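Visitor:
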Amino acid sequence: SKFEASIYLHMAIVTVVCNVISFLLYSACLIRLWMFSLTRNYTVERNFFLVGFLTMFFSLPYMAAMLFFFISLSYVYADPDIYLLSFVAFQLPWLTDLKYLAPAPMLLITDKSIRRTIKKMLL
């Protein structure tokens, strides 16, 4: 329906715009990291870049799902394939988890002080 398509259009626009802006900013950060000598590049800067870039990368499947919903529910396809639409809809919970929960494991992988703090809490 028209209303459902407009909701997914707004979600698709937000995810596309956020990912494009993130890609541009992370590209600028990567260029900055490459331009300065390795002695000036601190591990923290590289780790922050890695966390942010991987978080953006993990949100790409969510963006693709929103675009799929918009295209399927818009006027482009008058009769969408309900089975394919249902399959993609059932993927949304884990795609949402991937998008919003990815920073925590990335920080655990890249930040030694967070690992130490978690280890102290658990032991």
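Position 40 of the sequence shown, counting from 1, maps to 38 under my numbering, and the rest follow consecutively. Ideal Cβ placement from N, Cα and C applies to all residues, glycine included. Being a predicted model, the structure only gives us computed values, none of them experimental.
1. Considering only residues of the same chain and omitting the five flanking positions on each side of LEU121, which have a CB-CB separation below 6 Å?
2. Please report how far the alpha carbon of GLY50 lies from the alpha carbon of SER84, in whole angstroms.
3. Taking the C-alpha atoms as reference points, what is the distance between TRP32 and THR53?
4. Tell me which residues share the same chain as ARG44 and place their Cβ nearer than 8 Å to its Cβ, disregarding the 5 neighbours each side in the sequence.
5. Taking the straight line between their C-alpha atoms, what separation do you get for PRO59 and ARG114?
Guide: Quick look at the numbers:
1. Looking up residue 121 in the sequence shown gives position 123. Closer than 6 Å at the Cβ level, and outside the excluded window around LEU121, lies no residue.
2. For the purposes of this step, residue 50 is taken as the residue at position 52 of the sequence shown. For the purposes of this step, residue 84 is taken as the residue at position 86 of the sequence shown. Approximately 31 Å between the Cα atoms of the pair.
3. Within the sequence shown, the letter at position 34 stands for residue 32. Within the sequence shown, the letter at position 55 stands for residue 53. Here the alpha carbon of TRP32 sits roughly 21 Å from the alpha carbon of THR53.
4. The sequence position of residue 44 within the sequence shown is 46, counting from 1. Taken in chain order, the residues that qualify are LEU31.
5. The sequence position of residue 59 within the sequence shown is 61, counting from 1. The sequence position of residue 114 within the sequence shown is 116, counting from 1. Each residue's alpha carbon lies about 32 Å from the other.
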